[in-house]
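K.L.:
For the sequence shown, position 125 matches number 145 in our numbering, and the numbering has no gaps at all.
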Amino acid sequence: MYFSAAEAVTVGGQNGAGIVVTQLVHTGRFLIGGPIESKGCFPYIDGGTTSLLIAPTRVGDPCLHALYMPPNVNQTMHSHPSDRIGIIIKGGGQCCDQKTCYNLIPGTLFHISSDHQHRFVTYAQGLDLVVFHPDSDLGFRDRNHPMLSRTLVNNIRATDLPKIQTPSK
Numbered sequence: 021m022y023f024s025a026a027e028a029v030t031v032g033g034q035n036g037a038g039i040v041v042t043q044l045v046h047t048g049r050f051l052i053g054g055p056i057e058s059k060g061c062f063p064y065i066d067g068g069t070t071s072l073l074i075a076p077t078r079v080g081d082p083c084l085h086a087l088y089m090p091p092n093v094n095q096t097m098h099s100h101p102s103d104r105i106g107i108i109i110k111g112g113g114q115c116c117d118q119k120t121c122y123n124l125i126p127g128t129l130f131h132i133s134s135d136h137q138h139r140f141v142t143y144a145q146g147l148d149l150v151v152f153h154p155d156s157d158l159g160f161r162d163r164n165h166p167m168l169s170r171t172l173v174n175n176i177r178a179t180d181l182p183k184i185q186t187p188s189k
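(1) Using DSSP with H/G/I as helix, E/B as strand and the rest coil, what is D180?
(2) Tell me which residues share the same chain as H46 and place their Cβ nearer than 7 angstroms to its Cβ, disregarding the 5 neighbours each side in the sequence.
(3) Could you give the first and the last residue of the continuous beta strand (DSSP E) run that contains L168?
(4) Where does A86 land, buried or exposed, given buried means 16+ other C-beta within 10 angstroms?
(5) What three-state label does DSSP hand D162 in the structure shown?
(6) In or out: R104 buried (at least 16 other Cβ within 10 Å) or exposed?
(7) Pull up the DSSP beta-bridge partners for S24, would you.
(8) In this structure, does DSSP put C83 in helix, strand or coil?
(9) Three or more C-beta pairs closer than 8 angstroms, one from the region 87–98 and one from the region 125–140: is that the case here?
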């Protein structure tokens, strides 16, 4: 299970592990989802797949992903333009940077700093993880979203008719 909340919440249960990430500059929307799939719906790198669990509402908003790495992978060394925070949910392996490898088992929390070179190495059971991205390059804009772009006036998209558009905040 995973969730996003706009206000304080109380989480309870037994025999579970999780991670809570807060971001002071963004207010999320209330959303509950899960369980996550057994494999991702989008290709990633080195045989991995990913699914978007919580999508960014607007361009630049944070998002939550599930990442699925297959067994016996020595992933390409790479980095990300912003921090990554996550939890291992299934399988086992290591996260390696230029100097050290860190063991990963279910329940392990991790933080990867922006621009930090790293790679995942998986064992025979593969590695499934949930990852928070504090920003994104996807999402909608005031003048580019499905309600506006899929509204037609005399067969012209409302995105192309600024005179009828509600002003932005």
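For each residue, glycine too, the CB sits at the ideal point set by N, CA and C. This structure is a prediction, so every number in the text was calculated from the model and none was measured.
P.N.:
Quick answer:
(1) In the three-state DSSP reduction, D180 falls in the helix class (H, G or I).
(2) Around H46: D81 and P82.
(3) From DSSP, L168 is part of no beta strand (DSSP E) but of the alpha helix (DSSP H) over P166 to S169.
(4) Taking all protein chains in view, the Cβ of A86 is crowded by 16 or more other Cβ atoms within 10 Å, so the residue is classified as buried.
(5) DSSP places D162 in the coil class of the three-state scheme, outside both helix and strand.
(6) Its Cβ being crowded by 16 or more others within 10 Å, R104 is buried.
(7) Among the bridge pairs identified by DSSP, S24 is matched with L51.
(8) Strand at C83.
(9) With a cut-off of 8 angstroms, the region 125–140 and the region 87–98 count as touching, because enough Cβ pairs lie within range.
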